[in-house]
Amino acid sequence: MSSPSDDLRLAETEAEQEYVSMLYGRLDALREQSSKRLAGALRQTGGTHQMRSERDTSVAMYSDQLAQYSAVENGLCFGRLDFHTDDRFYIGRIGLFDEDKEYEPLLMDWRAPAARPFYLATAAAPDGVRRRRHLRTKQRKVVGLDDEVLDINSVDLTRSSEGLTGEATLLAAVNASRTGQMGDIVATIQAEQDRIIRTELNGVVVVQGGPGTGKTAVALHRAAYLLYTHRRQLAKRGVLVVGPNATFLRYIGQVLPSLGETGVLLSTVGELFPGLTAVGREPAGAAALKGRIEMADVVARAIKDRQEAPNLVEVPFDQDVLRLDRRAISDARGRARRTRRPHNEARRAFQREIISTLAAQAVSRLGRHLLDQADIDDIRRELREEPAVQAVVERLWPTLTPQRLLEDLYASPKLIAKATPKLSPAERELLHRPRGAEWTPADVPLLDEAAELLGEDDTEAKAKAERRRRQAIDYAQGVLDILDLEDDADPDILMANDLVDAYRLAERHGAERYETAAERAAADRTWTFGHVIVDEAQELSAMAWRTLMRRCPSKSMTVVGDIAQTGDIAGASSWEQVLSPYVLDRWKLTELTVNYRTPSEIMAVAADVLASVDPALKPPTSVRDSGFPPWALEVGSVAEALPALVGEEVAAVGDGKVAVIVPAASVAELRSVVTGASDDLDAQVVVLGVVDAKGLEFDSVLVVEPADILAESPRGASDLYVALTRATQRLGVVHAGELPAVLEGLATV
21 MSSPSDDLRL AETEAEQEYV SMLYGRLDAL REQSSKRLAG ALRQTGGTHQ
71 MRSERDTSVA MYSDQLAQYS AVENGLCFGR LDFHTDDRFY IGRIGLFDED
121 KEYEPLLMDW RAPAARPFYL ATAAAPDGVR RRRHLRTKQR KVVGLDDEVL
171 DINSVDLTRS SEGLTGEATL LAAVNASRTG QMGDIVATIQ AEQDRIIRTE
221 LNGVVVVQGG PGTGKTAVAL HRAAYLLYTH RRQLAKRGVL VVGPNATFLR
271 YIGQVLPSLG ETGVLLSTVG ELFPGLTAVG REPAGAAALK GRIEMADVVA
321 RAIKDRQEAP NLVEVPFDQD VLRLDRRAIS DARGRARRTR RPHNEARRAF
371 QREIISTLAA QAVSRLGRHL LDQADIDDIR RELREEPAVQ AVVERLWPTL
421 TPQRLLEDLY ASPKLIAKAT PKLSPAEREL LHRPRGAEWT PADVPLLDEA
471 AELLGEDDTE AKAKAERRRR QAIDYAQGVL DILDLEDDAD PDILMANDLV
521 DAYRLAERHG AERYETAAER AAADRTWTFG HVIVDEAQEL SAMAWRTLMR
571 RCPSKSMTVV GDIAQTGDIA GASSWEQVLS PYVLDRWKLT ELTVNYRTPS
621 EIMAVAADVL ASVDPALKPP TSVRDSGFPP WALEVGSVAE ALPALVGEEV
671 AAVGDGKVAV IVPAASVAEL RSVVTGASDD LDAQVVVLGV VDAKGLEFDS
721 VLVVEPADIL AESPRGASDL YVALTRATQR LGVVHAGELP AVLEGLATV
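Here the sequence shown stands for residues 21 to 769, numbered as in the numbering used here.
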């Protein structure tokens, strides 16, 4: 027999189900409306350039609306606020309104100011809220309710968890099995997170936090919040999110769409140079060297070294030989450099000076008094078109792409030596590599620097575009001529040429494709963003920061990371070191101190490793226990023991995810011995190096050969700290070699 409280709860759940069903009905109606409007826009063809532009804008708008409505399908409504004034607001992923009742809000967007008490109200500061209700749904069904009555007289303020908002819902979320994709935290945002998410757009905000504090989630929700509050400003320029690797970007890829935002560009540093995805590997020392800020001077010197001034150059011309001496070449080079234009653009000035010098010689030999200005102009034109002259200009001031510049530099010890007078022979050797080698992530900032200094001479590109335009017009004219071939046509009948000319016909049928700001930005190296978010920011080199700052001249950025987790030897040792060269002291440090992911048992082990990195560093405070003590197991052979150990962890976590984090040199070997193991986060078992595990989380983690992880890098202790803190439930350490002293507190099995 059910109790009165059970009956009341059932009635409350049924009432909430009715309201949630109504919201989904409204969502379905909006989806159908946008779908019909999109279909109508797609049926429109032809028209003027303005009409096509308006059509493309409509297509983009309705497509974005449909994407948004699909993205918010799960968890559309997740909360309710009841106020002492008897007002009631439902909180969800987007705003929905009743058009028949003067757009009365049916569902409040979580980013709206009126929704903020859902995250900040407490019994001590209720902000007018009487009750906060968390709704737990599965697909479109309400499966649970959690109520918080914000009455200071009924709350035990001594409870350690009182600082948490929606404690039951939060703990249910953090204890749930991982799925291989990061979930949003929109229903469980805590007060310290909300304050950071809603920080103003302008300036640089640094979000410092240890493992499991939700740094990445906060950064992504901040992106969604800024796009909501500054839509007009950011929709045009876009938002860039930079992550440490492609695995991480796949992991977080669904968070922003689930929050209703589909136009953000996600990228690694290795993808910031259009047309190139840099995934090559190189020694850590080489990557660290390329990351040093002095490499900007190296690139600049390498470009100047290609602007040659030999002692003498002979130029065959019109059955004669013209000569350029070192002084003439140097003078031309100096004038070109004084234009202060990028290398490829200044080349025109250099070419003009060289041709002027050669023309003066040719005129002198022919006899100036025998030539008029038209003759001299003809000589200049002939020199410009002479292949031998073009070859000389190309030799002395070549047209360079960033790829050609760096490939030539890396392949030539001589060019390296000229461009790096301050480097040691050992450092120069780190830069040397054969042609055809894969581009690495550390190359991308150097390519970007080169592109900035080289510029692009677009004269030929414009000429080609004009030729294509003329060809299209000529083709269109041919079509019109065919349509109007009948000479004896009635003069009163309008013909094709009477209705449209060739220019308009070519324009009407020109191939155009609407692109979002993110798509345009991905293809344009010079694109500047309205806001940039950098995750695992402590790993970026000085040259990578130089590239990112170039992408965001407004310096509106969210910088997310943990200095204690810096593993890259080119990475940051302090935020001041990173930011001062660009914004001086005009940046704001915020901190996250609560660990929602890592259980206290695991964090106690990780804390010892953190102390070995820096005794002054404090680990974040875990909000929960898991009940599973972390353990260490010594084995004779890791490769032989690992399959069985992984099998035990898979059985223990059920539908959850298991990660085996291993030394980088062992990834391929150990992945091959575990059946079904992959680097794909959709797989139940993944085998990863520490670098690829950064920012990820799994139900169970096996850390293999921790002593080798420590030894792999000068910052090995930070890497081990990262490896130990990826687990949400269970942690084991497997070793055949010695167990590091810092882990001797683990229980042995």
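C-beta atoms are modelled at their ideal positions from N, C-alpha and C, and glycine is treated no differently.
Around the beta-carbon of L609, fewer than 16 other beta-carbon atoms lie within 10 Å, marking it exposed.
Taking the Cβ atoms as the reference, S657 lies roughly 26 Å from A737, outside the contact range of under 8 Å. In the DSSP assignment, L701 falls outside any alpha helix (DSSP H), carrying neither H nor E. Secondary structure at R735: coil, using DSSP grouped into helix, strand and coil.
By alpha-carbon distance to S576, the top candidate from K56, G223, R51 is G223. Excluding residues up to 5 positions away in sequence, A584, L637, P639, Y741 lie with their Cβ nearer than 7 Å to the Cβ of L630 in the same chain. Taking C-beta separations shorter than 7 Å and ignoring five residues to either side along the sequence, the partners of R361 in its chain run G475, following chain order. For the pair of segments examined, the segment 314 to 328 was found not to touch the segment 594 to 607: the number of CB pairs separated by less than 8 Å stays below three.
G591 and A562 have their C-alpha atoms roughly 8 Å apart.
Counting only runs of 4+ residues, the alpha helix (DSSP H) found wholly inside the segment 264 to 344 occupies 266 to 272, 275 to 278, 304 to 311, 315 to 325, in chain order.
Between W607 and the set S593, L221, A369, the nearest pair of CA atoms involves L221.
Annotation: M569 to L467 spans about 15 Å, alpha carbon to alpha carbon. DSSP, read as helix, strand or coil, puts T105 in coil.
Of the candidates I681, T236, A731, L690, the residue whose Cα lies closest to the Cα of L708 is I681. Going by C-alpha positions, A626 is about 18 Å away from P734. Within the same chain, and ignoring the five residues on either side of F103 in sequence, the residues whose Cβ sits closer than 7 Å to its Cβ are G148, V149, R150. DSSP, read as helix, strand or coil, puts I209 in coil. Between the segment 87 to 104 and the segment 289 to 303 there are fewer than three C-beta pairs closer than 8 Å, too few to call the two in contact. It is roughly 57 Å from the alpha-carbon of R353 to the alpha-carbon of E717. The Cβ neighbour count for L604, taken over all protein chains shown within 10 Å, is under 16; the residue is labelled exposed. DSSP places I375 in no beta strand (DSSP E) but in the uninterrupted alpha helix (DSSP H) bounded by 363 to 386. Looking at the DSSP output, L612 bridges to G229. In the structure shown, the three-state DSSP call for S574 is coil.
The criterion of a C-beta distance shorter than 9 Å is satisfied by E669 and G752. DSSP places R400 within a helical segment (H, G or I) once states are collapsed to three.
For I622, the enclosing alpha helix (DSSP H) covers residues 620 to 633.
By the Cβ neighbour-count rule, V341 is exposed, with fewer than 16 other Cβ atoms within 10 Å of its own.
In the three-state DSSP reduction, G765 falls in the coil class, being neither helix nor strand. Boundaries of the beta strand (DSSP E) harbouring D166: 161 to 169, taken from the DSSP string.
I396 is a Cβ neighbour of A379, given a cutoff of 9 Å. Minimum Cα-Cα distance from A143 among the listed residues A329, T185, W547 corresponds to T185. The residue among I374, A411, L309, T359 with its C-alpha nearest the C-alpha of K442 is L309. M128 carries a strand assignment under DSSP once its states are collapsed to helix, strand and coil. Its chain contains D351, A352, R355, A356 as the residues whose beta carbon lies nearer than 8 Å to that of E373, once the 5 sequence neighbours on both sides are disregarded; these appear in chain order. Cβ contact annotation for R160 (same chain, cutoff 6 Å, sequence separation greater than five): Y44, in chain order. Between the alpha carbons of P433 and E365 lies a gap of roughly 28 Å.
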